[in-house]
Every structure is written in C-alpha cells, then in structure tokens.
C-alpha cells in the first residue's frame, strides 16, 4: 500500500558532547559575580560641606550615641544620596572593621522606615564588592583582599540570614561558589567567606539547621573537608562554622556525589592543598657523571644536579696514603 513501517524510519541521532569539562570560575555564580561586578556604579555625592559632616558623624559613632546620631543623619541626608553613603560604608567601614558591625547594624535599625532604602543600597553595594573581590586576580595571594571578603561575608550573613532573609541564588549561588572554588584553587578565599556568611544562620529562626538549603551547603563543605591534602586553615573554617551552628561535622550528610561530578583540582602548587610538586626519583646506582667530584686544589665539592659547595683550603686537610701507589 506504499505505507512505511515505523520500524523503517531513521532514528535521529542525539549529539553527545564528549568534550571534557574545564574548570572555570565565574559562570553561574549569580549576578553579584557575573553582572554587578562589571557595572560601574555612579554615586551622586552630597555637597562637600555635607559630605564632611556625614563622614564626621560616622567616625564618631558609639553605642552611647547611636540614637542621637541616627536622628542627626535623618535631618542631614536626603535619600538620593543613599547610594553614595552605602558605598562609603561598605568600602571604608564594613569591609575593614568587622568589630564595628554590630554598631553599624544598631545605627541602621535606629533609622527606622527612613533607613530601609539605605539598607537596600548597602546590600547592593556589598554584593558588588563581594563580586569584585571574588574575581580579583590577587584574591589567592593577597591576605588583605581575603580579609575584606571575609568581613563582607560576616556582614552579608548578618543582614540576610540572621534576619530570616534568603541569599537568592539569582544574586549569589553559594553552593556553586563553593564547588567552583574547589575546582579552581580558590577555596583559600571562598571557604572563609562562605563560612562567615553561613554563621549568620545561627541567629535565624528559618535558616539554622536542619534547613535544607543550609544542610546542602554544609554537606558540600564536609565532602571538601575530607579531600586528601586540604590545608588545615580551610578545615579549621569548616570546624568553627559547625561549632557556631551547633552541629557536629560527622552528623552532616555527605555530598560526595556532587563533588565527584566536578573537575578534580590539580593539587600541586595549589594554595588550597599541602601537596608538593613531585620530585624526580633518586637513582639507586649513581651514574658516572653523578659521582662525587673532589678537587684537592680547586677546593670544590659538587654532586651532579646540586649547587657547588666550596670548602676553603681543602688540600690542607687531606692526606694521601703513599702505599696506594703500590696497589695500582
């Protein structure tokens, strides 16, 4: 009848990408890292005399004058300058002075309804600067940059998780950040940042254990903790986090399968691991050119592959037995 059986129809082939995945830091980490960090934000600054008064006010904040200073700010600053003040606070104070975070939080709380817009501007600025630091080429070598990032992590946890406010995956994917840090040798910066951020959950009625979002992250942390050769300072961050959250490391469900799907890091010359670069094996029998060379007059001792070692006036300390000539 001219009809074609379905068995005779060609089966479309589905292309399979066999290209090995390459570790890359940045994609899928959220707007804080992929978008905001690239945007140049313009801040409308107040007139210089007002700017000086605001900075003086912030510099003289103390627990005893928080209420009066917050009222003073309300009287001085229009909301159109919130972006400028937020940038100033994040860059000049919050990222450098973790011991004053509680003071700044109290100050913001005393601003009431007026301060809500400022708090949002501060959160936006914090995300921007977190993204810039995470993408900095010096983040694994500069202890000061890592300190700023860690302080911003403390702050982020306090103004989000501690106040039952989520860290949206769209803005910052914390689990993906931890996994990409593992792949690319950036755990030295990422682990302390995330650990300090998650500590904010200890004061939360929503995000503390056994919250699924938090436990998923802790599971990855535990799996990373168990990776052979991981540096002790990174392990210590995980231990302190668990202690502060009131949970035992061994009680956290492992996420080994998630780690197994990722690109295994090269551990040699990796700031996250203690593994040394493998050295060439020493041959059991030295070759002729590896023999110890002693020059009685040149006073030089040298082993092939080693740097020369000078022994001053060696000939004066060496006696050659004359009977050796009879044996030759």
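In my numbering, the protein residues as written are 1 to 328.
By construction, the Cβ of each residue, glycine as well, lies at the ideal position given by its N, Cα and C atoms.
task: Check residue 61 in the structure and name its three-state DSSP category.
output: Stepping through the chain shown from its first residue, residue 61 is reached at position 61. Note: residue 61 maps to coil in three-state DSSP.
message: Between which two residues does the alpha helix (DSSP H) holding residue 254 run?
response: Looking up residue 254 in the chain shown gives position 254. Per DSSP, residue 254 belongs to no alpha helix (DSSP H) and is neither H nor E.
- prompt: Does the distance from the CB of residue 133 to the CB of residue 149 come in under 7 Å?
  reply: Here residue 133 is taken as the residue at index 133 of the chain shown, counted from 1. Here residue 149 is taken as the residue at index 149 of the chain shown, counted from 1. The answer is yes: Cβ separation under 7 Å.
Which listed residue (51, 191, 66) has its alpha carbon closest to that of residue 217: As a working mapping, residue 217 is identified with position 217 in the chain shown. Nearest option by C-alpha distance: 191.
When 128, 116, 154 are compared against residue 102, the one with the closest alpha-carbon: Sequence index remark: in the chain shown, residue 102 carries index 102 (1-based). Cα-wise, what sits closest to residue 102 is 154.
query: Exposed or buried, residue 223, counting other C-beta atoms within 10 Å across all chains shown (16 or more means buried)?
result: For the purposes of this step, residue 223 is identified with residue 223 of the chain shown, where counting begins at 1. Looking at its Cβ environment, which holds 16 or more other Cβ atoms inside 10 Å, residue 223 is buried.
query: How is residue 273 classed by DSSP in three states: helix, strand or coil?
result: For the purposes of this step, residue 273 is identified with residue 273 of the chain shown, where counting begins at 1. Three-state result, residue 273: strand.
field: residue 272 beta carbon less than 7 Å from that of residue 365
entry: In the structure as shown, the chain starts at 1 and stops at 328, and residue 365 therefore has no counterpart that could be examined.
message: In the DSSP output, what is residue 230 paired with across the bridge?
response: Looking up residue 230 in the chain shown gives position 230. Paired residues: 273.
- request: Would you decide whether residue 232 is buried or exposed? Buried here means 16 or more other CB atoms lie within 10 Å of its CB.
  value: For this step, residue 232 is matched to residue 232 along the chain shown. Its Cβ having fewer than 16 others within 10 Å, residue 232 is exposed.
- prompt: If you count every other CB in all the chains shown that lies within 10 Å of the CB of residue 257, and 16 or more means buried, which is it?
  reply: Translated into the one-based positions of the chain shown, residue 257 becomes position 257. Exposed, since its Cβ has fewer than 16 Cβ neighbours within 10 Å.
Cβ separation of residue 227 and residue 164, assumed to be a contact under 8 Å, to the nearest whole Å: Residue mapping note: residue 227 aligns to position 227 of the chain shown, counting from 1. Residue mapping note: residue 164 aligns to position 164 of the chain shown, counting from 1. Their Cβ separation, rounded to whole angstroms, is 33 Å, which puts residue 227 and residue 164 out of contact at 8 Å.
- prompt: Can residue 88 and residue 121 be called in contact, C-beta distance under 7 Å?
  reply: For the purposes of this step, residue 88 is taken as residue 88 along the chain shown, with counting starting at 1. For the purposes of this step, residue 121 is taken as residue 121 along the chain shown, with counting starting at 1. No, the Cβ-Cβ distance between residue 88 and residue 121 is not below 7 Å.
query: Nearest-angstrom Cα distance between residue 305 and residue 276?
result: Residue mapping note: residue 305 aligns to position 305 of the chain shown, counting from 1. Residue mapping note: residue 276 aligns to position 276 of the chain shown, counting from 1. Note that residue 305 has pLDDT 42, beneath the 50 cutoff, so the model's placement of it is unreliable and the number below is only indicative. Roughly 19 Å between the two C-alpha positions.
Neighbourhood of residue 23 by C-beta, 6 Å cutoff - its chain only, sequence neighbours within 5 removed: Along the chain shown, one-based indexing puts residue 23 at 23. Contacts found: 183, 184, 263.
- request: Mind reading off the beta-carbon distance from residue 241 to residue 200? Whole number of angstroms is fine, and I expect it under 8 Å.
  value: The count along the chain shown starts at 1 and reaches residue 241 at position 241. The count along the chain shown starts at 1 and reaches residue 200 at position 200. Between residue 200 and residue 241 the Cβ distance is about 11 Å, and since that is not below 8 Å, they are no contact.
message: My parser needs the beta strand (DSSP E) runs of 3 or more residues fully inside the segment 162-246; what are they?
response: none
- prompt: Can you give the Cα-Cα distance for residue 123 and residue 41, rounded to whole angstroms?
  reply: Position 123 of the chain shown, counted from the first residue, corresponds to residue 123. Position 41 of the chain shown, counted from the first residue, corresponds to residue 41. Their backbone Cα atoms lie some 14 Å apart in a straight line.
message: Taking the straight line between their C-alpha atoms, what separation do you get for residue 158 and residue 197?
response: As a working note, residue 158 is residue 158 in the chain shown. As a working note, residue 197 is residue 197 in the chain shown. Rounded to whole angstroms, residue 158 to residue 197 spans 8 Å at the Cα level.
task: Would you please state the rounded distance, in angstroms, between the beta carbons of residue 111 and residue 70? I believe it to be under 8 Å.
output: Here residue 111 refers to the residue found at position 111 when the chain shown is read from its first residue. Here residue 70 refers to the residue found at position 70 when the chain shown is read from its first residue. Yes, residue 111 and residue 70 are in contact; Cβ-Cβ is about 5 Å, under 8 Å.
- prompt: How many angstroms separate the CA atom of residue 49 from the CA atom of residue 76?
  reply: Walking along the chain shown from the start, residue 49 turns up at place 49. Walking along the chain shown from the start, residue 76 turns up at place 76. Between residue 49 and residue 76, the C-alpha separation is close to 11 Å.
message: Less than 7 Å between the beta carbons of residue 171 and residue 31, yes or no?
response: Here the question's residue 171 lines up with position 171 in the chain shown. Here the question's residue 31 lines up with position 31 in the chain shown. Contact: yes.
message: Alpha carbons only, please: which of 104, 168, 213 is nearest the one belonging to residue 64?
response: Stepping through the chain shown from its first residue, residue 64 is reached at position 64. Residue 64 has its Cα closest to that of 104, out of 104, 168, 213.
- prompt: By how many angstroms is the C-alpha of residue 59 removed from the C-alpha of residue 98?
  reply: Position 98 of the chain shown, counted from the first residue, corresponds to residue 98. Position 59 of the chain shown, counted from the first residue, corresponds to residue 59. Each residue's alpha carbon lies about 15 Å from the other.
- request: Out of 259, 230, 251, point me to the one whose CA is closest to residue 268's CA.
  value: For the purposes of this step, residue 268 is taken as residue 268 along the chain shown, with counting starting at 1. Closest by alpha carbon: 230.
- request: Can you tell me which of the three DSSP states residue 159 falls into?
  value: Position 159 of the chain shown, counted from the first residue, corresponds to residue 159. Residue state, collapsed to three classes: helix.
message: Less than 7 Å between the C-beta atoms of residue 186 and residue 219, yes or no?
response: Taking the first residue of the chain shown as position 1, residue 186 is located at position 186. Taking the first residue of the chain shown as position 1, residue 219 is located at position 219. Cβ atoms of residue 186 and residue 219: not closer than 7 Å.
query: Does DSSP classify residue 110 as helix, strand or coil?
result: Position 110 of the chain shown, counted from the first residue, corresponds to residue 110. DSSP places residue 110 in coil when its eight states are reduced to three.
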